[in-house]
Amino acid sequence: MNKVLMALAGQPNCGKSTVFNTLTGANQHVANYPGVTVDKMYGSYRKNGVKVEVVDLPGTYSLTSYSLEERVSRNFILHDKPDVVVNVMDASNLKRNLYLTFQLLEMEIPVVVNLNMMDVAHRRGVEIDFDCLERLLGAPVVPTTIKKGKGKKNLINTINKVGLSKKKEHGIKIDYGSMEPFLDEIEKMLAGVCETDYPARWLAVKLMEADDEVEKIIRRHSAAGFDAIKARVKQIRRAFEAESDELPERHIAYARYKEADRIAGESVSVKRKEASLLSDKIDRIVCHKIFGPLILVGVVYALYHLSIVEGYKLTNYTWPLLAKIKSLTAAIMPPPGFMTEPMVRSLALWFVDSVNALLNYVPIFFILFALIAILEDTGYMPRMAFLLDRLFKRFGLHGQSTLPMVLGGIYVGGCAVPAIMATKGIPDERARFATTLIIPMLNCLAKIPLYILMINIYFAQHKGLAMMFMATVTIFMALPVAKILSLTILKDKETAPFIMEMPPYHLPTIRGVLGRAVERIWLFLKKIVTIVAAVAIVIFVLMQFPGLTEDRNAHYADETKIAKESFYKKIAGNPYAEYVQGDSIMALILYNERYKKARMGIKNKEKARTVDARFISENENFFKIVKPKKDKQAKKLNRALKKLISARKRILRQIKAEMIDNSFLGKIGRSLEPVTKYAGFNWRVNVALLSSFAAKESSVATLGALYQSDEEGETLEKRMEKTEKDFTPLHALSLLLVMALFPPCIAAVLTIKIQTGSVKWMLFSMFYQMFLGIVVASFVFTVGNLLGLTGLQAMGIFFCMALTFTIIMGLINPRHEYQ
Amino acid sequence: MTLDSLKPGSQCYTKKITAKGKLNQRLIDMGIYPGLQVKVIRNAPLEDPMEIELGGYCLSIRHEEAKFVEVEG
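Line by line, the protein sequences are chains A and B.
Start counting the first sequence at 29; every next residue gets the next number (the numbering used here).
Start counting the second sequence at 156; every next residue gets the next number (the numbering used here).
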């Protein structure tokens, strides 16, 4: 079968991704370009016996070496040598789009010009003479309205025709006017000393533009003579500058625009002038001084409400599915013994629990990702950046940091994973890193349970105030940190000019939105969940080993024996006693558990009867004991059984607590006490914070395991209050601040690794946060203690300090690099 | 006169770009070159950045960047 490698190139907002989706359908994949974090979208389709591999290059305005996306696109064209490049253009903006087309043609590759969004052009009264344009450009021109399927067939046929011809094309040659003799000179100089398979004229133009990447190409291909070539090029550039009083790169760009002007003038006629009137009207409100910010708040609120609140309700339907996975796992695994649980069983259940905790977010993420796709497709994102750029710029961030910060939980309840994924849209590398590094400090959904626990115990009188404090203080810690990072460690990162297009508003398509949501969910599952599962196992091992000493095991065996003996003594002479001898007692306990679970939540009498019938047929005698009704002897045994069960639970809990106490994780927690004592943390809190590394929700669960109670059904709040008698609200405040700043969850950390493409940054993000968290908490606790402040006073003072610090950091204005 | 000094609603023609390096390239790539008619549409609620229209499409640009575009009535 014939194969064609095709690349899609085009400026942003030209409908390129719609073309990609229409051509490849569901057959799409995402990967990274080698060594960089730019997404490589690729797919394929078959038509008329030809298999076409499609690579969707990043949307760029130009093909210089200044931005990563442009470098990636250019390198793909140069090195992978596609058989055909389809240049998708916004037909209503032909003149500006031609600027990129010329740069593609200059690389002497076969180009198919696709005039897309013809419907918009028609609406704006733009008429294009396709034959004339084709003649002038020297490349086939295909008009389409891909969104409505118009022109698709013609486009596919043209791709096949050009792609299969496999020959070098020479389209239009741009006349660079007074620069031509200089270009000739460079070409002549290169001939002979530097053999490459790149077009000579293109190399010459790029050298005149002082393009670093092309200089590197020349260096690679001209072993010895490179310095001479470089010096000569510099001379030629200078000579041109002296002659024309203009930078060569400017002259080149202006020549391209002049040519675009000429071609557009000959092939385009505008019947009436009506440039996106509707978008302009919408913007009058959306970017209004007062309504603009109000609408922004409304959009953010809707985003939260629909995903976090409504999406959370959806988990009510999906959680039973996950619970089913757990109960299925429990059923397959070997059953627990009276005082021990087989290792493989505990491991499997812990594993399922850890993965379920993350999978539970899938409905929320799905809604979130779909809503982001809608915001992206409508064109609201650049407006968001426009509204807030000035504010964020003061803290080393960027207008486009808005969305990631909203997603990360700028108020209460976000998630760092989609937030860090969304930083991709920030063109300025320094601001992108700063945003990525502060996102884990915002209030993600999983931090909330611990907030609520601590506030309920220690700030019970001022719950609203304390929650408000947590919701707002995080942003006043994150912003100054962003500024400090961008002034110090991120100082040398590349920045990019802000200047961006404000595209006309579009109606998003359902396909585009759902497609992107599914694709991002898939990325999340593939890359994050797998590794979280692996880390969960590591933490499990740290919590289980080395386990109890023989002495302690013997001690618990004794207790078990006592409990069992007392049980048998009570039921001596009971007619049912014969059914619960030996191993049967354990079978009965498990039977009881299963029955309770099966009957849980069943109110319908009919259904209850079916469940009962099932258990009766399984074991009639057990059923009589578990559900004694009016049988006096059975009732007596039932009472004794309940006592035994609660004794067993107590022993199991004690074993578990002692196991954690004795475990590697417990030892680490203890060894950290000398440091964490300044923040007021004992080893139990340390262990809870360490265990939250797999997922922050774990912190509360671990505390639950550490604070034991003999009384059935006592809340964790009560148990914690009882165990930690000298814990004060100041301790709690310190813990709250650490939770806000410190424990980076593994999923977020991994997303940082994926987005920055570097393990170094991943580790940095982890350790600077741990450091920051412990320093802030120690400061608040130690100083608060010295001054004898109450938790609430310390809270108020800390808030004012954070706010003041934020304002000061915002006022520091480093000299701008353009000056 | 430079582009950043214009008030919303005013129009002008671009005369010269005075930026260097990356900003220079970006300004040009986004379609700014001499002799272009530019209209200032609005400033953001916090005054910066500004939105300009040129030949049928709109750009958002910070004032500190617009300073490098010389314009004339």
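Note that beta-carbon positions come from the ideal geometry of N, C-alpha and C, so glycine has one too.
Between which two residues does the beta strand (DSSP E) carrying residue i extend?
i       : result
E134(A) : First-last for E134(A): 122–134, but that is the alpha helix (DSSP H), not the beta strand (DSSP E).
I216(B) : 212–216
S297(A) : 296–298
G71(A)  : 67–75
T34(A)  : Checking the sequence, you will find Met at residue 34(A) rather than Thr. Looking at the DSSP string, the run of the beta strand (DSSP E) that includes M34(A) is 30–38.
L744(A) : L744(A) -> not in any beta strand (DSSP E); alpha helix (DSSP H) instead, spanning 744–751.
V193(B) : 192–198
I156(A) : 154–156
Could you tell me whether the Cβ of residue i comes closer than 9 Å to any Cβ of chain A?
i       : result
E202(B) : yes
C167(B) : no
K160(B) : Note that residue 160(B) is Ser in the sequence shown here, rather than Lys. No, because no Cβ of chain A sits closer than 9 Å to the Cβ of S160(B).
G164(B) : no
K170(B) : no
M133(B) : Given a span of 156 to 228 for chain B in the structure shown, any question on residue 133(B) remains unanswerable.
Q192(B) : no
Measuring only between beta-carbons, confirm whether residue i sits less than 9 Å from chain B.
i       : result
N115(A) : no
I318(A) : yes
D689(A) : no
F526(A) : yes
M145(A) : no
D203(A) : no
L235(A) : no
Considering residue i, what are the terminal residues of the alpha helix (DSSP H) in which it resides?
i       : result
Y584(A) : 578–598
M498(A) : 491–515
T172(A) : Note, T172(A): premise wrong, no alpha helix (DSSP H); not H, not E.
Y619(A) : 612–627
K244(A) : 240–249
K521(A) : Where K521(A) is concerned, there is no enclosing alpha helix (DSSP H), given that its DSSP letter is neither H nor E.
Y168(B) : It is not in any alpha helix (DSSP H) - Y168(B) instead sits in the beta strand (DSSP E) that spans 166–172.
To the nearest angstrom, report how far apart residue i and residue j are at their CA atoms.
i       : j       : result
I156(A) : T464(A) : 45 Å
I630(A) : A398(A) : 36 Å
S498(A) : I825(A) : The residue you asked about is not Ser; residue 498(A) is Met in the sequence shown. Whole-angstrom Cα-Cα distance: 14 Å.
K554(A) : T779(A) : 12 Å
D417(A) : E206(B) : 13 Å
M823(A) : L718(A) : 25 Å
I782(A) : T756(A) : 41 Å
R102(A) : G819(A) : 58 Å
V261(A) : M236(A) : 7 Å
Y584(A) : E547(A) : 52 Å
G453(A) : M614(A) : 58 Å
K635(A) : K652(A) : 19 Å
H490(A) : E97(A)  : 51 Å
L375(A) : S594(A) : 32 Å
For residue i, count the other beta carbons within 10 Å of its own beta carbon; 16 or more makes it buried, fewer makes it exposed. Which is it?
i       : result
R642(A) : exposed
L839(A) : exposed
V355(A) : Note on residue identity: the sequence assigns Ser, not Val, to residue 355(A). That one is exposed.
F721(A) : buried
S206(A) : exposed
Y329(A) : exposed
I836(A) : exposed
S382(A) : buried
D84(A)  : buried
D240(A) : exposed
Short check: CB of residue i to CB of residue j, under 9 Å?
i       : j       : result
L435(A) : G442(A) : yes
C213(B) : Q192(B) : no
T191(A) : L33(A)  : The sequence given here has Gly at residue 191(A), not Thr. Going by C-beta atoms, G191(A) is nearer than 9 Å to L33(A).
V140(A) : P110(A) : no
M469(A) : A775(A) : no
H279(A) : Y204(A) : yes
A760(A) : Y439(A) : no
L481(A) : E745(A) : yes
G164(B) : V195(B) : yes
N179(B) : L275(A) : yes
A591(A) : R676(A) : yes
F709(A) : V639(A) : no
V654(A) : N602(A) : no
May I ask whether a heavy atom of the ligand ATP can be found less than 8 Å away from the beta carbon of residue i?
i       : result
R229(A) : Looking for the ligand ATP in the displayed structure turns up nothing, as the structure carries no ligands at all.
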